[in-house]
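Colleague:
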Amino acid sequence: MNEILQYTVQGLAAGSFYALAALGLAIIFGVLGVVNFAHGACYMLGAVTAAVLLDLVGMNFWVALLVVPVLMFVFGVLLERLLVSRLTALDPLYNFLLTFGLSLLLVDLVKRQYGVSGLPYTRPEILTGQLSVGDVRLPTYQVFVLVFSLLVCLGVWLLMTRTRIGMIVRASTEKSELTRALGVDVSRWVTPVFGFGIALAGLAGVLAAPFRAITADMGSSFIIILFAVVVIGGLGSIVGAVVAGFLVGLVEAFGQAYAPTLSQIVIFVLMAVVILIRPAGLFGREENA
Amino acid sequence: MSSKRLVATAVVSSAALLLSACGSGGPGGGDGEFTDGKVTLAVLNDQSGVYKDLSGPNSVKAVEMAVADFQEKYGDDAVVEEVEVVSADHQNKPDIANTKAQELYDREGADIILDVPTSSAALAVATQAAEQQKLYINIGAGTTELTNGQCNKYTFHWAYDTYQLAQTTGTAIAEAGGTDWQIIYPDYAFGQDMDKSFTAAVEGAGGTVGDHIATPFPNDNFTTFLTKAASAEPDVIGAMQAGGDLINLVKQYNEGGYADDGIDLAVGLMFITDIHSLGVEAFEGVQFAEAWYWNLDEENRAWADRFLDETGTRPSFAHAANYSAALQYLEAVQAEGTDDADTVVGHLEGKEIDDVFLKNGKVRAEDHRVIHDVYLAKVKSPDAVEEEWDYEEIVSTIPAEDAFMPLEDSSCSMG
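Same order as they appear, the protein sequences are chains A and B. Just so we're aligned: 82 in UniProt numbering is position 82 of the first sequence, and the numbers increase by one with no gaps anywhere. Just so we're aligned: 239 in UniProt numbering is position 239 of the second sequence, and the numbers increase by one with no gaps anywhere.
(1) Starting from the N-terminal side, write out each stretch of the beta strand (DSSP E) that is 3 residues or longer and does not extend beyond the region 242 to 276 of chain A.
(2) Among B/317, B/154, B/91, which one has its Cα closest to the Cα of residue 374 of chain B?
(3) Which residues bound the alpha helix (DSSP H) around residue 192 of chain A?
(4) List the residues of chain B whose Cβ lies closer than 7 Å to the Cβ of residue 116 of chain A, in chain order.
(5) Please report whether the beta-carbon of residue 175 of chain A lies at a distance below 9 Å from any beta-carbon of chain B.
(6) Could you tell me the distance, in whole angstroms, from the CA atom of residue 251 of chain A to the CA atom of residue 105 of chain B?
(7) Taking residue 211 of chain A and residue 7 of chain A to be in contact with their CB atoms under 8 Å, please state how far apart those CB atoms are, rounded to whole angstroms.
(8) Which term fits residue 132 of chain A, buried or exposed, when burial requires 16 or more other beta carbons within 10 angstroms of its beta carbon?
(9) Is there contact between the region 175 to 192 of chain B and the region 238 to 248 of chain B, where contact requires at least three CB pairs shorter than 8 Å?
(10) For my contact list, residue 69 of chain A and residue 219 of chain A are in at a C-beta cut-off of 8 Å; report their separation, rounded to the angstrom.
(11) Nearest to residue 168 of chain B by CA position, among B/399, B/61, B/253, B/412, is which residue?
(12) Touch check for the region 86 to 96 of chain B and the region 157 to 168 of chain B: three-plus C-beta pairs under 8 Å?
(13) For residue 44 of chain A, does the count of other Cβ atoms within 10 angstroms reach 16, so buried, or fall short, so exposed?
(14) Could you give the first and the last residue of the continuous alpha helix (DSSP H) run that contains residue 120 of chain B?
(15) Quick check on residue 195 of chain B - is its C-beta less than 9 Å from some C-beta in chain A?
(16) What in chain A is Cβ-close to residue 93 of chain B, meaning under 9 Å?
(17) List, in order along the chain, the chain A residues whose C-beta lies closer than 9 Å to that of residue 119 of chain B?
(18) Measure the Cβ-Cβ separation of residue 339 of chain B and residue 111 of chain B and say whether it is below 9 Å.
(19) Quick one, are the C-beta atoms of residue 229 of chain B and residue 254 of chain B less than 9 Å apart?
(20) Is DSSP giving residue 239 of chain B helix, strand or coil here?
(21) So the alpha helix (DSSP H) residue 234 of chain A belongs to, where does it begin and stop?
(22) What are the complete alpha helix (DSSP H) segments, minimum 4 residues, inside the region 69 to 115 of chain A?
(23) So which of B/215, B/185, B/186, B/171 has the shortest CA-CA distance to residue 200 of chain B?
(24) Using a C-beta cutoff of 9 Å, does residue 119 of chain A count as contacting chain B?
(25) Let me check understanding here. Comparing Cα to Cα, which of A/80, A/238, A/13, A/247 lies closest to residue 172 of chain A?
(26) In whole angstroms, what separates the C-alpha of residue 268 of chain A from that of residue 228 of chain A?
(27) Strictly by DSSP, which residues pair up with residue 170 of chain A?
(28) Determine whether the Cβ of residue 191 of chain A lies closer than 9 Å to any Cβ atom of chain B.
(29) At what residue ranges does the region 164 to 202 of chain B contain a whole run of the beta strand (DSSP E), taking only runs of 3 or more?
(30) Rounding to the nearest angstrom, what Cα-Cα distance links residue 264 of chain A and residue 216 of chain B in this structure?
(31) Beta-carbon separation of residue 364 of chain B and residue 407 of chain B under 9 Å?
(32) According to DSSP, is residue 371 of chain B helix, strand or coil?
(33) Figure out for me which residue from A/13, A/98, A/5 has the closest Cα to the Cα of residue 204 of chain A.
(34) Just checking: is the beta-carbon of residue 36 of chain A within a distance shorter than 9 Å of some beta-carbon in chain B?
(35) Have a look at residue 225 of chain A and residue 18 of chain A and give me their C-alpha separation to the nearest angstrom.
(36) How about residue 61 of chain A and residue 123 of chain A: are their beta carbons less than 9 Å apart?
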């Protein structure tokens, strides 16, 4: 019983990284129609930036949680303005290739500068150790990651459903042409939305820094799972990305616990089953498929 | 969006990337004793991935240092004037290693291939060496298969292997009272081999191994595997991961607070570059097998100083071993006056060697296992670190004869 609770928390904690990053990926896809292949690299950049700032200016984890996403937002805005926007009018394939190329470039630049062995990162004292719930002990950091990312997801959901900005973004995501026809300047929102999506990936990266190896390659396998997550959730669906993120985390954890060798395959089996039964994903609309 | 086109483009891009790492070789004159009139040493290893720092480009530097030393030592008396060093990236994939090895031997005229981390890739290169009848000295891979079932006349195993790692770490910890083990290993040739070797060593020293937990490779989330291993309340969790995977696992082991429950972490294979990257704090007190340590004595230190000048970092044992293998190969060429593979193999077989890497070294003729003294090392506490890279305390020296698989246990037949 103990173990099952532990596996659940571990799965949800792992799912938190997927949910946050997939949320960014889904928003970007929704508004821009761009499949951002560089999302894994942005996750990596978030972690690397946190580690570098800690090393250079002693910036602690809490400050990094705020500062790094802001930096990543600026990076995303520049990326969209300078590169992505030039290709949006063309076949989506061009932006796919652009972001794929960018991710290779970013990974290699980080390798060149910092090597492949990874960068050290110290956790804040308060998040070390374990929390005891009854006779179950849960690593404090995992619980923190879970709660924190749930709050962020909730915040994004409120932003999307309760504010005018959110309404416009959702409308642009789901019925871009119609929104335009109603006189909303969709293109004004494209750049900040792209930046916001990148910032979420960066935030996931900062959260991963104390807990995972900070290496140039950390985003490479992450992005593959991330694509599975957005496909399961439904491309462009915001709720779908979050739900599928946590779901995949759970599937991975229980897979690891009960069928270790199959733990990664299970995720893709789940993806295949979802596509078979609901081709547009759990929360996707058929017409988007 | 056309997903077929997306996939097709991605495939083409990856294929283009795979092909981009080749250098160029040229035909030479040939003066009878030397093919192409020169000696070509090829370093085939991970130039860009997880094993880049522990060997990678700096091993190419180490081999170049060996060439420079050889040329300085013999000057005009050298039997061959031109010694070339080439390198290639095998990305830790056996199929790429296979193709690259073929290219290096055939097209670039390599007389010898060095290094090749990742066991499955190393076995592929060993097969190529046997087919092409050219030398291959392995440094980076750990599988004992190279000197057992899949041994061959042209393949040597220079630095370490899984038997020796287990013999050093597994036996030492079990004898010190850590008898109840759980093993977490990555599910590929090296990990499976490590699992077997450690189980044998621990059981040989009177311990028991409960679960053998296989994990994907590469993998960034080990929390569930650790929980599962810890639920059996063992004395020791043996982690057989390497590189970035090992760092993930150690971070998550520390996070879970298992050390407070009295569950120790034993690491199967660790390189000094891992400690450097994660920091001494994270690894403090962890015991592991070390094939060579830069700060062990004056001789090692002097070489490590030169290496530091060349590369900006201290050497791992793999760097020193690549230097040693290249140097001893060139010495053999010098002694025989030819780069003919059979002659050089004959020269090396049974040879006793003492150099900066090999202490009490000997090239066993029967299975081509190169035996030498190895060490049980312990990661220092942060307070004890006196300079950068001063991370290890050598706990004990395991004499060459005891450290490696005894000949009578080897299933190698050179045929």
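Heads up, the beta-carbon is just placed ideally off N, CA and C, and yes, glycines get one too.
Modeller: To lay it out plainly:
(1) Taken in chain order, the region 242 to 276 of chain A contains no complete beta strand (DSSP E) segment of 3 residues or longer.
(2) Counting from 1 along the second sequence, the entry for residue 374 of chain B is found at position 374. Nearest option by C-alpha distance: B/317.
(3) Position 192 of the first sequence holds residue 192 of chain A. Under the DSSP assignment, residue 192 of chain A falls in the alpha helix (DSSP H) whose first and last residues are 186 to 208.
(4) Against the first sequence, residue 116 of chain A aligns to sequence position 116. In chain order: 49, 50, 52, 53.
(5) As a working note, residue 175 of chain A is residue 175 in the first sequence. Not closer than 9 Å to any Cβ of chain B, the Cβ of residue 175 of chain A fails to qualify, so no.
(6) Here residue 251 of chain A corresponds to residue number 251 of the first sequence, with the count starting at 1. Here residue 105 of chain B corresponds to residue number 105 of the second sequence, with the count starting at 1. Near 46 Å, if we compare the C-alpha coordinates of residue 105 of chain B and residue 251 of chain A.
(7) Working through the first sequence from its first residue, we reach residue 211 of chain A at position 211. Working through the first sequence from its first residue, we reach residue 7 of chain A at position 7. Between residue 7 of chain A and residue 211 of chain A the Cβ distance is about 17 Å, and since that is not below 8 Å, they are no contact.
(8) Against the first sequence, residue 132 of chain A aligns to sequence position 132. Counting Cβ neighbours within 10 Å, residue 132 of chain A comes out exposed, since fewer than 16 surround it.
(9) yes
(10) The residue you call residue 69 of chain A lines up with position 69 of the first sequence. The residue you call residue 219 of chain A lines up with position 219 of the first sequence. With a beta-carbon spacing of about 16 Å, residue 69 of chain A and residue 219 of chain A fall beyond the 8 Å limit used to define contacts.
(11) Sequence index remark: in the second sequence, residue 168 of chain B carries index 168 (1-based). Ranking the options by Cα distance to residue 168 of chain B, first place goes to B/399.
(12) no
(13) Here residue 44 of chain A corresponds to residue number 44 of the first sequence, with the count starting at 1. With 16 or more other Cβ atoms within 10 Å, it is buried.
(14) In the second sequence, residue 120 of chain B corresponds to position 120, counting from 1. Counting along the chain, residue 120 of chain B sits inside the alpha helix (DSSP H) bounded by residues 119 to 132.
(15) Reading the second sequence from its first residue, position 195 is the one you call residue 195 of chain B. No, because no Cβ of chain A sits closer than 9 Å to the Cβ of residue 195 of chain B.
(16) Position 93 of the second sequence, counting from 1, holds the residue named residue 93 of chain B. Within 9 Å Cβ-Cβ: nothing; residue 93 of chain B doesn't reach chain A, min ~14 Å.
(17) To locate residue 119 of chain B, count along the second sequence from 1; it is residue 119. Going along chain A, no residue has its Cβ under 9 Å from residue 119 of chain B, so there is no contact; the nearest lies around 18 Å.
(18) Start at 1 with the first residue of the second sequence, and residue 339 of chain B comes out as number 339. Start at 1 with the first residue of the second sequence, and residue 111 of chain B comes out as number 111. It is a contact, given that the beta carbons lie within the stated cut-off.
(19) Looking up residue 229 of chain B in the second sequence gives position 229. Looking up residue 254 of chain B in the second sequence gives position 254. In this structure, residue 254 of chain B does not lie closer than 9 Å to residue 229 of chain B by Cβ.
(20) As a working mapping, residue 239 of chain B is identified with position 239 in the second sequence. Residue state, collapsed to three classes: strand.
(21) Mapped onto the first sequence, residue 234 of chain A falls at position 234. First-last for residue 234 of chain A: undefined, no H or E at that position.
(22) 92 to 114
(23) The residue labelled residue 200 of chain B in the question sits at position 200 within the second sequence. Selected option, being the one with the closest Cα: B/171.
(24) To locate residue 119 of chain A, count along the first sequence from 1; it is residue 119. Cβ-Cβ to chain B under 9 Å: yes for residue 119 of chain A.
(25) The count along the first sequence starts at 1 and reaches residue 172 of chain A at position 172. Checked all of A/80, A/238, A/13, A/247; the closest Cα to residue 172 of chain A is A/238.
(26) Sequence index remark: in the first sequence, residue 268 of chain A carries index 268 (1-based). Sequence index remark: in the first sequence, residue 228 of chain A carries index 228 (1-based). In a straight line, the C-alpha of residue 268 of chain A is about 7 Å away from that of residue 228 of chain A.
(27) What you label residue 170 of chain A is simply residue 170 of the first sequence in a count that begins at 1. Beta-bridge partners assigned by DSSP to residue 170 of chain A: none are found.
(28) One-based indexing of the first sequence puts residue 191 of chain A at position 191. Residue 191 of chain A does not count as touching chain B.
(29) 180 to 186
(30) Counted from its first residue, the first sequence places residue 264 of chain A at position 264. Counted from its first residue, the second sequence places residue 216 of chain B at position 216. So the alpha carbons of these two residues sit roughly 7 Å apart.
(31) On the second sequence, residue 364 of chain B is found 364 positions in, with the first residue counted as 1. On the second sequence, residue 407 of chain B is found 407 positions in, with the first residue counted as 1. Yes. Within cutoff.
(32) Along the second sequence, read from residue 1 onward, the residue named residue 371 of chain B stands at position 371. Of the three classes helix, strand and coil, the one that applies to residue 371 of chain B here is strand, per DSSP.
(33) Numbered from its first residue, the first sequence carries residue 204 of chain A at position 204. Comparing Cα positions, the closest option is A/13.
(34) Translated into positions along the first sequence, residue 36 of chain A becomes position 36. Judged by the 9 Å Cβ criterion, residue 36 of chain A is not in contact with chain B.
(35) For the purposes of this step, residue 225 of chain A is identified with residue 225 of the first sequence, where counting begins at 1. For the purposes of this step, residue 18 of chain A is identified with residue 18 of the first sequence, where counting begins at 1. The straight-line gap from Cα to Cα measures roughly 8 Å.
(36) As a working mapping, residue 61 of chain A is identified with position 61 in the first sequence. As a working mapping, residue 123 of chain A is identified with position 123 in the first sequence. Cβ distance < 9 Å, so residue 61 of chain A and residue 123 of chain A count as in contact.
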